[in-house]
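Report on the structure given below.
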Amino acid sequence: MDEERDNAPREPARPGFWRSPLRGPWLTSVFAVVLLVGLTVVSVTGFVSYAAYNPDVAAVNDKTPERGWLGFYLVDWPTEPYWLYRLTQGVHVTLGVALVPVLLAKLWSVVPKLFTWPPVRSPSHALERATLLLLVGSVLFEFATGVLNTQLDYVFPGSFYTLHFYGGWVFLASFLSHTMLKFPRVVRALRSRSLSRELRTPVARTRPEPGDTTGLVPAAPAPATMSRRGALGMVGLGSASLLAVTAGQSIGGPLRATALFAPHGQELGTGPNDFQINKTFAAVDLREGDIGPEWRLTVQGPDGREAVLTREEVLDLPQHTARLPIACVEGWSTANQRWSGVRLGDLAALVGLSGSDPPGVFVESAQRSGPFRAVGLRANQVGDPRSLLALRVNGADLSADHGYPARVIVPAAPGVHNTKWVNRLGFGEVAE
Ligand SMILES: Nc1nc2c(c(=O)[nH]1)N[C@H]1C(S)=C(S)[C@@H](COP(=O)(O)O)O[C@H]1N2
Ligand SMILES: [Mo]
Numbered sequence: 003m004d005e006e007r008d009n010a011p012r013e014p015a016r017p018g019f020w021r022s023p024l025r026g027p028w029l030t031s032v033f034a035v036v037l038l039v040g041l042t043v044v045s046v047t048g049f050v051s052y053a054a055y056n057p058d059v060a061a062v063n064d065k066t067p068e069r070g071w072l073g074f075y076l077v078d079w080p081t082e083p084y085w086l087y088r089l090t091q092g093v094h095v096t097l098g099v100a101l102v103p104v105l106l107a108k109l110w111s112v113v114p115k116l117f118t119w120p121p122v123r124s125p126s127h128a129l130e131r132a133t134l135l136l137l138v139g140s141v142l143f144e145f146a147t148g149v150l151n152t153q154l155d156y157v158f159p160g161s162f163y164t165l166h167f168y169g170g171w172v173f174l175a176s177f178l179s180h181t182m183l184k185f186p187r188v189v190r191a192l193r194s195r196s197l198s199r200e201l202r203t204p205v206a207r208t209r210p211e212p213g214d215t216t217g218l219v220p221a222a223p224a225p226a227t228m229s230r231r232g233a234l235g236m237v238g239l240g241s242a243s244l245l246a247v248t249a250g251q252s253i254g255g256p257l258r259a260t261a262l263f264a265p266h267g268q269e270l271g272t273g274p275n276d277f278q279i280n281k282t283f284a285a286v287d288l289r290e291g292d293i294g295p296e297w298r299l300t301v302q303g304p305d306g307r308e309a310v311l312t313r314e315e316v317l318d319l320p321q322h323t324a325r326l327p328i329a330c331v332e333g334w335s336t337a338n339q340r341w342s343g344v345r346l347g348d349l350a351a352l353v354g355l356s357g358s359d360p361p362g363v364f365v366e367s368a369q370r371s372g373p374f375r376a377v378g379l380r381a382n383q384v385g386d387p388r389s390l391l392a393l394r395v396n397g398a399d400l401s402a403d404h405g406y407p408a409r410v411i412v413p414a415a416p417g418v419h420n421t422k423w424v425n426r427l428g429f430g431e432v433a434e
């Protein structure tokens with residue numbers, strides 16, 4: 003008999019369906035505050051990441067050419083401090099990953115609201131629900147596309163940036179209005195219970211939150227099977243574990259080995275070239291001949307001046323050294339590597355331009371097709387004395403995987419702007 007009753011339909015809109023006694027405004031607000039702080043940082047670093055692409059410089063940099071005024075905040079991406087992108091993108095990805103359990107817990111805590119009956123009570127209720135749809139939709143979309151991008155090596159060719167950028171704006175707008183709408187309620191809820199007392203309350207003494215006016219506390223709560231302390235601990239432990247298996251990919255050193263979540267963290271070269279490789283020589287559209295003795299570097303200036311150099315001739319130019327990391331949009335970065343090669347400014351001087359105040363440059367790779375074969379760099383990047391066309395790293399020739407015969411390395415730039423297998427530099431070919 004009892005069994006039959008258990009099998010009866012338990013539709014989620016029925017008041018008695020949701021029974022966890024932990025659900026209530028206080029618990030929801032604790033998760034909300036963590037997300038308010040965390041997702042603000044993730045959003046800001048995300049929009050900063052787009053600015054780091056210097057989209058105004060060249061069409062190949064611009065992943066959202068239709069963005070209009072949504073690019074109002076773009077700045078000339080600086081080269082100082084040299085670890086800037088390593089920090090902003092490391093925080094964006096690592097914090098984003100670590101917040102997944104908090105996000106899921108927050109959604110769990112409010113899920114009965116999804117099935118509110120009647121679904122729409124008034125025009126303002128309809129508006130509130132529409133905003134929530136945008137908020138929940140965009141946050142899930144941003145997390146899904148972000149995690150897929152870090153794990154699956156650009157499964158969305160090119161369009162990832164577009165999707166993630168516009169999704170980011172939808173999220174930010176709905177996040178701001180949701181925050182303003184709910185802020186007073188969150189403050190009130192947080193004041194209603196003491197966190198330290200909650201952390202000392204075991205399951206046996208766990209009761210539903212009294213005097214609820216938000217409708218989050220279930221109408222017919224079941225006895226507690228877990229304390230609020232247990233729920234917070236579980237979420238906290240989940241976040242801490244994700245942090246532990248992610249952070250190492252941008253911190254580096256011995257911690258690299260702990261970055262089990264890192265997609266490229268495991269693919270290293272050998273000897274002095276033993277740091278992460280994004281696309282290997284074999285993975286891109288390159289043939290042996292493209293980087294063999296036949297390889298030439300073509301340097302061009304705005305007035306038709308041109309220099310064509312063999313690798314030996316590039317090595318005969320003054321060589322400089324810069325200790326710089328590679329920091330990928332996927333969140334991983336290398337420790338500082340010791341790059342040596344020719345200053346981009348010195349190469350501009352070869353075609354009659356000022357070496358100390360050079361224009362921007364269009365960089366092209368011998369790679370015949372595929373993403374990242376070309377990039378535009380701004381004048382401030384070209385003029386930085388640490389910006390090199392590197393031929394060697396850590397005292398050895400570049401390996402084929404790291405861009406032999408020559409690659410660009412620029413301080414504070416996203417990894418994707420450090421073009422490998424470079425064979426042409428067009429100075430003055432990009433917007434300033
Ligand atoms: N020609 C070319 N250059 C490229 C790429 C590429 O696919 N092709 N990948 C870029 C990306 S996304 C990154 S993060 C860095 C990685 O450099 P590494 O493989 O030497 O670590 O190279 C950049 N340079
Ligand atoms: Mo990258």
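Numbering of the sequence shown is given in this note's numbering, commencing with residue 3 and proceeding in unit increments. Glycine included, each C-beta is placed from N, C-alpha and C at the ideal position.
- Counting only runs of at least 3 residues, the region 315–363 fully encloses the following beta strand (DSSP E) elements, listed from N- to C-terminal order: 322–326, 339–345.
- For residue 411, the uninterrupted beta strand (DSSP E) segment begins and ends at 409–411.
- At a threshold of 8 Å, residue 417 counts as near ligand 2, since its beta carbon sits closer than that to one of the ligand's heavy atoms.
- Between the alpha carbons of residue 189 and residue 31 lies a gap of roughly 8 Å.
- In the DSSP assignment, residue 428 forms a beta bridge with 302, 364.
- When Cβ pairs closer than 8 Å are counted between the two stretches, the region 304–322 is seen to touch the region 388–396, the count reaching three or more.
- Judged by DSSP in its simplified three-state form, residue 61 adopts coil rather than helix or strand.
- Between the alpha carbons of residue 249 and residue 305 lies a gap of roughly 48 Å.
- Per DSSP, reduced to three states, the secondary structure at residue 78 is coil, with no helix or strand assignment.
- In this structure residue 136 touches residue 172 by the C-beta definition: roughly 6 Å separates them, less than 8 Å.
- Exclusion of the five residues before and after residue 416 leaves 54, 87, 331 as the residues of its chain whose Cβ lies within less than 6 Å of its Cβ.
- With a cutoff of 9 Å on beta-carbon distance, residue 324 and residue 411 are scored as near each other.
- Burial check for residue 365: the Cβ neighbour count within 10 Å reaches 16 or more, so the residue is buried.
- For residue 376, the enclosing beta strand (DSSP E) starts and ends at 376–379.
- C-alpha of residue 403 to C-alpha of residue 85: approximately 23 Å in a straight line.
- Residue pairing by DSSP places residue 278 opposite 270 in a beta bridge.
- Going by DSSP, residue 394 is part of the beta strand (DSSP E) stretching over 390–395.
- For residue 310, there is no enclosing alpha helix (DSSP H); the residue is part of the beta strand (DSSP E) that begins and ends at 308–311.
- Secondary structure at residue 221: coil, using DSSP grouped into helix, strand and coil.
- Beta-bridge pairing by DSSP links residue 399 to 394.
- Minimum Cα-Cα distance from residue 349 among the listed residues 430, 328, 147, 286 corresponds to 430.
- Following the DSSP letters along the chain, one finds residue 109 inside the alpha helix (DSSP H) bounded by residues 102–116.
- With respect to the C-alpha of residue 368, the residue from 246, 407, 433, 419 having the closest C-alpha is 407.
- In this structure, residue 353 places its C-beta atom within 9 Å of the C-beta atom of residue 301.
- With respect to the 9 Å criterion, residue 414 and residue 57 are not classified as neighbours on the basis of their beta carbons.
- In summary, residue 94 is buried, with 16 or more beta-carbon neighbours lying within 10 Å of its beta-carbon over all protein chains present.
- Going by beta carbons, residue 101 and residue 41 fall inside the 9 Å limit.
- In the DSSP annotation of this structure, the continuous segment of the alpha helix (DSSP H) that includes residue 200 starts and ends at 197–200.
- Counting the other Cβ atoms within 10 Å of the Cβ of residue 119 gives fewer than 16, which makes it exposed.
- Straight-line spacing of the CA atoms in residue 425 and residue 334 works out to 27 Å.
- A distance criterion of 8 Å places the beta-carbon of residue 63 beyond contact range of ligand 2, judged by its closest non-hydrogen atom.
- Contact between the region 21–31 and the region 204–221 is present, with at least three C-beta pairs closer than 8 Å.
- Three or more beta-carbon pairs separated by less than 8 Å are not found between the region 286–299 and the region 212–225, which leaves the two stretches without contact.
- Judged by pairs of C-beta atoms under 8 Å, the region 184–204 touches the region 230–238, as three or more such pairs exist.
- Membership of residue 19 in any alpha helix (DSSP H) is not indicated, and neither H nor E is assigned to it by DSSP.
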